[in-house]
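224 is the number of the first residue of the sequence shown in the numbering used here; add one for each residue after it.
Every residue gets a Cβ at the ideal spot worked out from N, C-alpha and C, and that includes glycine.
The structure displayed is predicted, hence computed values, not measured ones.
Here is the structure we will look at, set down as structure tokens.
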Amino acid sequence: MPALLAVVTHEPSCLAGLLGEAWEEAGIELRIFSPYRDVADLPTDLDPFAGLVVLGGHMSANSADSYPWLNPTIALLAEAVRREIPTLGVCLGHQLLACALGGAVDVNELGTRIGLTSVVLTEAGRQDPLLASTDARRATHWNGDVVTRLPAGAVRLATAPDGTVQAARFGARAWGVQFHPEVTESIFREWAAEYPGRDDLDILGDAIARAADELRTTWAPLALRFAAQMTPAHHSSTT
């Protein structure tokens, strides 16, 4: 049987995109959960799953009072890390992962980051099984919050030019990325259509369109490296 990957989404336009395409091409079956539609639509048992992915959303990791599925998602992430189930958090998912383990998230004092920005690996990142060979490459961003304090034991793997954390390893098999390796031009333009008040989004979308081959070449391998961490059914003896 193919490996089964649990993918948690937070809104209709935040999809697995490029990463999902790479996983499906590798023969991995995606099981999509949408707790924003029904708070109960989260995995109740991680045993069937070879991995867990939590994607992005417009809400803050600190806004569980307004978005009641966030705390159950945080608990799910904590369980996955404890059991060493391969886990990947993207943008909001990255922030929720940090919160699950005792880190902190806040508004980026430098403002919302949208568009292509360089991602530079740390020394640890250059040796990391997911992020090796991506140094000084660009990634798509759309975020207003950032992880301001990593949990104890977490390893900073990449930064933006302004020094904000862009990737971290949170455990033996848990990673978070602040940027959006999954985003395609069509996903970005859908977000832009939902986001009033900026007149540069078409220009930023055009830049992402021109960089499509670069982004796929850079970030599709991340999906495959994550897949390599998975087994057809990852069970932990610590359950």
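Among the options, the one whose alpha carbon lies nearest that of residue i
| i | options | result |
| --- | --- | --- |
| residue 256 | 243, 274, 233 | 233 |
| residue 336 | 402, 416, 445, 267 | 402 |
| residue 240 | 445, 404, 448, 418 | 404 |
| residue 391 | 351, 410, 407 | 351 |
| residue 375 | 320, 453, 228 | 320 |
| residue 354 | 384, 248, 444 | 444 |
Beta-carbon proximity check, residue i vs residue j, cutoff 8 Å
| i | j | result |
| --- | --- | --- |
| residue 316 | residue 279 | yes |
| residue 396 | residue 309 | yes |
| residue 357 | residue 342 | yes |
| residue 324 | residue 299 | no |
| residue 246 | residue 381 | no |
| residue 328 | residue 318 | yes |
| residue 273 | residue 368 | no |
| residue 291 | residue 250 | no |
| residue 304 | residue 230 | no |
| residue 431 | residue 408 | yes |
| residue 399 | residue 334 | no |
| residue 345 | residue 372 | no |
Proximity test, Cβ basis, 8 Å: residue i and chain B
| i | result |
| --- | --- |
| residue 416 | Included in the structure is just one protein chain, with no chain B present. |
For residue i, the residue or residues it bridges with in DSSP
| i | result |
| --- | --- |
| residue 340 | 362 |
| residue 275 | 229, 310 |
Cut-off 8 Å between Cβ atoms - residues of its own chain near residue i, not counting five sequence neighbours on either side
| i | result |
| --- | --- |
| residue 361 | 339, 340, 341, 342, 434, 437, 438, 441 |
| residue 295 | 258, 262, 265 |
Own chain, CB closer than 6 Å to residue i, minus 5 neighbours either side, in chain order
| i | result |
| --- | --- |
| residue 185 | The structure shown does not extend to residue 185, since the chain is modelled only from 224 through 462, so no value can be given for it. |
Item to complete: Only counting runs of 4 or more residues, tell me where the alpha helix (DSSP H) segments fall wholly within the stretch 307 to 337, in order along the chain.
Response: Listed in chain order, the complete alpha helix (DSSP H) runs (minimum 4 residues) inside the stretch 307 to 337 are 315 to 323.
Fill in: Those runs of the alpha helix (DSSP H) which lie wholly inside the stretch 226 to 267 and span at least 4 residues
The alpha helix (DSSP H) runs lying completely inside the stretch 226 to 267 and spanning 4 residues or more are 240 to 248, given in chain order.
Discussion item. As an exercise, report each continuous beta strand (DSSP E) stretch of at least 3 residues that is fully enclosed by the stretch 356 to 383, in chain order.
Written reply: Correct list: 360 to 366, 368 to 372, 378 to 382.
Fill in: alpha helix (DSSP H) runs wholly inside the stretch 389 to 452, at least 4 long, in chain order
Runs of the alpha helix (DSSP H) inside the stretch 389 to 452: 408 to 416, 424 to 433, 435 to 451.
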